[in-house]
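Student: Mind looking over this structure? Questions follow.
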Amino acid sequence: MTPADLPAVGILAGRLVRAHHAYDAQRFLEPVDPERGYERWFSTQIGLADTILLVAANGAEVAGYVYARMEPRSYNELLDACTKLHDIYVDESARGRGVGEALLRETFRRAKAKGAPRVVLLTASQNEAAQRLFARAGFRTTMLEMTRELVDSGAAG
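In the numbering used here, the protein residues as written are 20 to 176.
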């Protein structure tokens with residue numbers, strides 16, 4: 020990823036945020052100009068040693084992106100140091116053509132070069148297509164996030 024890619028990546032990141040919000044509007048934050056927010060955030064991450072920022076090109080267009088980062092050991096998450104894959108998104112027009120797999124392979128290569136023993140990610144439970152991609156790439160399910168609203172939930176307790 021280069022600074023020239025940031026506007027296009029911001030658009031894709033906005034789509035990712037909106038898709039999650041549509042899955043569960045109570046769990047996932049409401050998108051308020053995520054395109055500019057992501058563009059600004061990624062501009063601070065380019066070139067950092069612990070960050071992996073990738074784009075997949077479809078000609079002159081950005082077809083997908085990855086944001087991953089080396090993370091330290093976390094006792095809160097019961098997780099040893101690893102690379103966390105925070106974002107992967109492929110434009111709908113480029114899906115089914117191996118773009119996601121290629122982005123994952125390059126993420127694995129770079130994470131291994133940085134000394135990561137593994138790559139960990141979270142995926143929305145509703146995003147079955149992404150889960151199939153991740154399973155094909157060798158990921159296994161290790162945790163299941165559960166959410167309970169405390170305001171107006173109507174549940175006892």
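In this text, a Cβ means the ideal position worked out from N, Cα and C, and glycines have one as well.
(1) Are there 16 or more other CB atoms within 10 angstroms of the CB of Ala75, so buried, or fewer, so exposed?
(2) Whole-angstrom Cβ separation of Leu35 and Tyr108, contact assumed at under 8 Å?
(3) Would you say Leu73 and Leu122 are within 8 Å of each other, going by their C-beta atoms?
(4) Just how far apart, CA to CA, sit Gly29 and Asp110?
(5) Residue range of the beta strand (DSSP E) that Ala82 falls in?
(6) Does the distance from the C-beta atom of Leu31 to that of Tyr86 stay below 8 Å?
(7) Determine which residues share a DSSP beta bridge with Ala76 and list them.
(8) Indicate the three-state DSSP secondary structure (helix, strand or coil) for Ile71 in the structure shown.
(9) Rounded to the nearest angstrom, how far is the Cβ of Glu125 from that of Leu152, given a contact under 8 Å?
(10) Taking Cβ to Cβ, would you say Thr161 is nearer than 8 Å to Gln150?
(11) Rounded to whole angstroms, what is the Cα-Cα separation between Phe158 and Arg167?
(12) Put Tyr108 into one of helix, strand or coil per three-state DSSP.
Tutor: Once the coordinates are examined:
(1) One-based indexing of the sequence shown puts residue 75 at position 56. Ala75 should be labelled buried.
(2) Within the sequence shown, residue 35 is the residue found at index 16, counting from 1. Within the sequence shown, residue 108 is the residue found at index 89, counting from 1. Rounded, the Cβ-Cβ distance is 4 Å, consistent with contact.
(3) Position 54 of the sequence shown holds residue 73. Position 103 of the sequence shown holds residue 122. For Leu73 and Leu122, yes; Cβs fall inside 8 Å.
(4) Translated into the one-based positions of the sequence shown, residue 29 becomes position 10. Translated into the one-based positions of the sequence shown, residue 110 becomes position 91. Whole-angstrom Cα-Cα distance: 12 Å.
(5) Here residue 82 corresponds to residue number 63 of the sequence shown, with the count starting at 1. Glu80 to Glu90 is the extent of the beta strand (DSSP E) around Ala82.
(6) Locating residue 31 in the sequence shown gives position 12, where the first residue counts as 1. Locating residue 86 in the sequence shown gives position 67, where the first residue counts as 1. Against a cut-off of 8 Å, the Cβ pair of Tyr86 and Leu31 comes out as no contact.
(7) As a working note, residue 76 is residue 57 in the sequence shown. Per DSSP, Val81.
(8) Here residue 71 is taken as the residue at index 52 of the sequence shown, counted from 1. Three-state DSSP puts Ile71 in a strand.
(9) Working through the sequence shown from its first residue, we reach residue 125 at position 106. Working through the sequence shown from its first residue, we reach residue 152 at position 133. The Cβ separation is near 14 Å, so there is no contact.
(10) Position 142 of the sequence shown, counting from 1, holds the residue named residue 161. Position 131 of the sequence shown, counting from 1, holds the residue named residue 150. Not a contact, by the Cβ cut-off of 8 Å.
(11) For the purposes of this step, residue 158 is identified with residue 139 of the sequence shown, where counting begins at 1. For the purposes of this step, residue 167 is identified with residue 148 of the sequence shown, where counting begins at 1. Near 27 Å, if we compare the C-alpha coordinates of Arg167 and Phe158.
(12) For this step, residue 108 is matched to residue 89 along the sequence shown. Strand, per DSSP.
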